[in-house]
């Protein structure tokens, strides 16, 4: 029986199973999935965002971490981050600012019980309702990226840059966006994205961000990129 027959269509989003067993959705309007079916939603979040960000190491160095999540989407990057930190018993305060203009995604995350990692999503749902739980704070902003960043006045240790692809969401893959990310990134912070396109790396470099390739995922799936303001020794 097909997954689409097991799980109903949610607004303009169609569910599908990914390679690691985790569930993602296909956005009918954008004509693109939120994750790569061939590698797995959870695996992609873990290996393209959480691990390359070195958030565990940063938590060992600082008592408080600021993470900017662009965009919330299905919440995988946040849920996977929380699951990762819970396994390491991290006690640092984790302040998460997440931007998302599609409010229906928040309802989807709260409604569906099939998303995993289970502990990560359990805590994420508590944060959506209460904003704070344990050592986590979530500032969920339902708005446009440009309007939101006009009133952000803090520096981030980590930025997850996860819009749809450049062919589907070209307005987010522009130098003015990269300049804004540079401005709000801490001097020792990093920006992590799933993309490895040369043009994107070169354009990030033009605004002062140095690209480093992340490790390839299983089955030779393309690597992502992590950007820093300083050279890594």
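In UniProt numbering, the protein residues as written are 1 to 233. Beta carbons are placed, not taken as given, at the ideal position from N, Cα and C, and that holds for glycine.
Report the option in the options whose CA atom is closest to the CA atom of residue i.
i: residue 226; options: 198, 233, 194; result: 194
i: residue 153; options: 206, 87, 39, 180; result: 180
i: residue 199; options: 170, 188, 37; result: 170
i: residue 100; options: 22, 143, 127; result: 143
Take residue i and list the residues in its own chain whose beta-carbon comes closer than 7 angstroms to its own, dropping the five residues that flank it on each side.
i: residue 120; result: 79, 80, 82, 83
Give the range of the beta strand (DSSP E) segment to which residue i is assigned.
i: residue 226; result: 225-228
i: residue 119; result: Looking at the DSSP string, residue 119 is not in any beta strand (DSSP E); the run it does join, the alpha helix (DSSP H), is 118-130.
If you draw a straight line from the C-alpha of residue i to the C-alpha of residue j, how long is it?
i: residue 204; j: residue 175; result: 7 angstroms
i: residue 3; j: residue 19; result: Here residue 3 scores only 45 on pLDDT, less than 50, and its place in the model should not be relied on; the value that follows carries that caveat. In a straight line, the C-alpha of residue 3 is about 13 angstroms away from that of residue 19.
i: residue 46; j: residue 117; result: 11 angstroms
i: residue 70; j: residue 48; result: 14 angstroms
i: residue 115; j: residue 141; result: 21 angstroms
i: residue 165; j: residue 132; result: 31 angstroms
i: residue 94; j: residue 27; result: 30 angstroms
i: residue 125; j: residue 77; result: 14 angstroms
i: residue 102; j: residue 86; result: 28 angstroms
Excluding sequence positions up to five away, which residues of its chain have a Cβ less than 6 angstroms from the Cβ of residue i?
i: residue 11; result: 104
i: residue 43; result: 20
Could you name the residues that DSSP lists as bridge partners for residue i?
i: residue 211; result: 227
i: residue 173; result: None, per the DSSP bridge assignment.
i: residue 95; result: 66, 137
i: residue 33; result: 26
For the alpha helix (DSSP H) containing residue i, name the first residue and the last one.
i: residue 187; result: No alpha helix (DSSP H) holds residue 187; the beta strand (DSSP E) holding it covers 185-193.
For residue i, which residues of its own chain have a beta-carbon under 8 angstroms away from its beta-carbon, when the five flanking residues on both sides are left out?
i: residue 73; result: 34, 100, 105, 162
i: residue 186; result: 66, 155, 156, 157
i: residue 134; result: 123
i: residue 231; result: 210
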